[in-house]
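Visitor: The sequence shown begins at 49 in the numbering used here and counts up one residue at a time.
Every residue, glycine too, gets a C-beta built ideally from N, C-alpha and C.
None of these values were measured; they are calculated from a predicted model.
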Amino acid sequence: MSEGFRGITVEGEDGERWLLIADTHVGLEVELGKRGVRIPRQSVRIAQSIIEVAEGVGATSLAILGDVKHEIASIVESAREVREFIDRVSAKFNKVVLVRGNHDGNLDLILSSDAKSNVYLIDSRGFILRSKDGKNLLLLHGNSKPRLEDFVSSNVIIMGHTHPAILIQDITGYVMRAPVIVKIRTDKAFFGKNMYSYVGELDVKGVMNVIVLPVYNPLTIGMDVFEIFAKDLVDVETILHYARTWEHLNDVEVYLTDMTYLGTMDVLAKIREELGEGGYDIDWL
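1) Please classify L333: does DSSP put it in a helix, a strand, or coil?
2) Hey, does K253 have any beta-carbon neighbour from chain E nearer than 8 angstroms?
3) Report back the beta-carbon spacing between V258 and I205 to the nearest angstrom; my notes put them in contact at under 8 angstroms.
4) According to DSSP, is N298 helix, strand or coil?
5) Rounded to a whole number of angstroms, what is the C-alpha to C-alpha distance between A139 and D299?
6) Express the C-alpha separation of L261 and V230 in angstroms, rounding to a whole number.
7) Where V255 and N203 are concerned, what is the direct C-alpha to C-alpha distance, given to the nearest angstrom?
8) Once DSSP output is grouped into helix, strand and coil, what is the label at G60?
9) Hey, V147 and I112: beta-carbon distance below 8 angstroms or not?
10) The beta strand (DSSP E) with A226 in it runs from where to where?
11) Near M313, which residues of its chain fall below 7 angstroms by C-beta distance, leaving aside the five closest residues on each side in sequence?
12) Would you mind stating whether T210 and A291 have Cβ atoms separated by less than 8 angstroms?
13) Count the other CB atoms, across all protein chains shown, that sit within 10 Å of the CB of T308; report buried if there are 16 or more and exposed otherwise.
14) How long is the line joining the alpha carbons of S91 and E132, rounded to whole angstroms?
15) Based on DSSP bridge pairs, tell me the residues matched to N184.
16) Bridge partners for Y303 per DSSP, in chain order?
17) Can you give me the C-alpha to C-alpha distance between K143 and I319, rounded to a whole angstrom?
18) Please report the residue range of the alpha helix (DSSP H) in which S91 lies.
19) Quick one: residues in its chain with C-beta nearer than 6 angstroms to the C-beta of G106, no 5 flanking neighbours on either side, listed in chain order?
20) Taking D198 and G174 to be in contact with their CB atoms under 8 angstroms, please state how far apart those CB atoms are, rounded to whole angstroms.
21) Say whether the segment 262-270 touches the segment 65-78, bearing in mind that this needs 3 or more beta-carbon pairs closer than 8 angstroms, one atom from each stretch.
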């Protein structure tokens, strides 16, 4: 994994090497422009970034786990940006799977106006990708519950939606926010019981890993992990609150996008308490 790569790759049983990313938010700059912030169009830049990452890691297929587009008032502007983005990435990959996110209103209409044979739109409940080593990976956005049968049959959930990031302070005192990848270990039966009231009647055992990908759009970094995982998110539209991560922060691992392991959130919480709200002291030199 290269520095700055906000995603992961998976070898599929189908012979494809999948590039998994989330939250490209194509067209975000259009909304910012309406607010007076003038930023060049990003659809080409985002597409080219994805293509360059794919070439670097040898990916042959792409899955974007929700919020492919940003929620823009003007469907004309939204459609133009999304079409240009899809044109570019669909020409590179054998398969492009788009999972619908909460920002993806009218995405089906945009895609149907210029249908690509290798582009597939999946609803927000996600889909199962079987890995080369035989695991069922449940890929979804994270704002909607997956299908019960998919949850039961899956070993790992990979999602986006929450835009995890962390505050970092270097030895000079400079504070920055960096996107992160988060891995959660949770009891599958506990997770399922909270999400589906009758899942206890099914054969759901063992540990389930949930991997949360950062936002891919370069115009945004994300939300502090302590706002996502250390608090009860019952009022937020995410399936993560069913895992009740704030009760077992020792099972929540945080990684920078170059796969530098920062630690579990219980340890990071202690460091943050010692350093204050500034962040985590990392020697980059």
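Guide: The structure says:
1) Because L333 carries a pLDDT of 32, less than 50, the predicted location of this residue cannot be relied on, and the following value inherits that uncertainty. In the structure shown, L333 sits in coil (DSSP, three-state: anything other than H, G, I, E or B).
2) This model lacks chain E altogether, as it is built from one protein chain only.
3) The C-beta separation of V258 from I205 comes to about 5 angstroms, placing the pair in contact by the 8 angstroms criterion.
4) Helix at N298.
5) Taking the straight line from one Cα to the other gives about 40 angstroms.
6) One C-alpha to the other measures close to 7 angstroms.
7) So the two alpha carbons sit approximately 8 angstroms from each other.
8) In the structure shown, G60 sits in a strand (DSSP, three-state: E or B).
9) Their beta carbons are under 8 angstroms apart, which means V147 touches I112 by this criterion.
10) Counting along the chain, the beta strand (DSSP E) containing A226 begins and ends at 223-235.
11) Same-chain partners within the cutoff: V273, F277, A278, L297, V300, V302.
12) No; because the gap between Cβ atoms is not below 8 angstroms, this pair is not in contact.
13) Here T308 is exposed: its Cβ has fewer than 16 other Cβ atoms, across all protein chains shown, within 10 Å.
14) Distance between the alpha carbons of S91 and E132 is about 7 angstroms.
15) Answer is R178.
16) Checking the DSSP bridge columns, you'll see Y303 partnered with I229, Y309.
17) The alpha-carbon atoms of K143 and I319 are separated by roughly 43 angstroms.
18) S91: member of the alpha helix (DSSP H) spanning 91-105, first to last residue.
19) The beta carbon of G106 sits closer than 6 angstroms to those of R65, all from its chain and outside the five residues before and after it, given in chain order.
20) G174 and D198 do touch by the CB rule: their CB atoms are close to 7 angstroms apart, below 8 angstroms.
21) Touching, per the Cβ criterion.
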